[in-house]
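Q: The sequence shown begins at 119 in the working numbering and counts up by one.
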Amino acid sequence: MSRSIVTIDGHSFEVDLAWLSDGASEISVRQGDQTRTVVIPGVELPPDQMEWVIIDGRPYELVFDEDLRWVKGQGGIHRIEISDRDQAVTRPKSGSGRVKAPIPGLIVRVVVEVDQHVELGQPIAVLEAMKMENEIRAPCAGTVSKIHVQPGKGVLKGELVAEITP
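Next up, the structure:
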């Protein structure tokens, strides 16, 4: 069992991870008194080629770009990071100020302005993809220095949405 820190949209949780069997694709994730079973189809694939993860029987789509990992669920797209607890404790944490589109879609609205202060995980823009609205969130706290998109315009996966100066 390994102790890790899972960060979802800027909120960190200390969890214990354990493979349920050798070479299998199931992991037990325990936080406090709650335990979840996570099934990773295609566990033999490189991480950037995995497309789904199943948590307690419910499927969630995985979205990757060069810098970030995302999980897509019913509530939209959520940035996720997993780090070894011991490494995280000894290493300072900072996110890039480059806000990128996690998937292709249409920008519905931009909810920040240039020179506005934002917090880690705060919504920057809303992107519509496959008839679902997804919030694109700040990867770090700081000041919005540039906005590269506008409502009604399409974006490609990985396209720069905004820049934040930490």
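Quick reminder that beta carbons are idealized off the backbone N, C-alpha and C, glycines included.
(1) DSSP three-state call for S214: helix, strand or coil?
(2) DSSP three-state label for G260, please.
(3) From I198, P241, C258, pick the residue whose C-alpha is nearest to that of I123; which is it?
(4) Note the first and the last residue of the continuous beta strand (DSSP E) segment covering G223.
(5) Roughly how many angstroms separate the alpha carbons of S146 and V157, rounded to a whole number?
(6) Return the chain-ordered list of same chain residues with a C-beta closer than 8 Å to the C-beta of G272, the five sequence neighbours on each side being excluded.
(7) Are there 16 or more other CB atoms within 10 angstroms of the CB of P220, so buried, or fewer, so exposed?
(8) For R227, collect the residues of the same chain with a Cβ closer than 6 Å to its Cβ; drop the 5 residues on either side in sequence, then sort them by chain order.
(9) Which residues share a DSSP beta bridge with M250?
(10) Give a yes or no on whether 8 Å exceeds the smallest Cβ distance from G239 to chain C.
(11) Are the CB atoms of E281 and K218 nearer to each other than 8 Å?
(12) Can you say whether V232 is buried or exposed, counting buried as having 16 or more other CB atoms within 10 angstroms of its CB?
(13) Which residue's Cα is closest to the Cα of Q234: G215, V171, G260?
(14) In whole angstroms, what is the alpha-carbon distance linking V229 and V171?
(15) Do I242 and V279 count as a contact pair if the criterion is CB distance below 8 Å?
A: Checking against the coordinates, here is how it stands:
(1) S214: coil per DSSP, three-state reduction.
(2) strand
(3) I198
(4) 223-228
(5) 9 Å
(6) P222, G223, L224, I225
(7) By the 10 Å Cβ count, P220 comes out buried.
(8) V244, P269
(9) A247
(10) Judged by its chain identifiers, the structure shown contains no chain C, having just a single protein chain.
(11) no
(12) exposed
(13) G260
(14) Taken atom to atom, the span from the alpha-carbon of V229 to that of V171 is near 30 Å.
(15) The Cβ atoms of V279 and I242 sit closer than 8 Å to each other.
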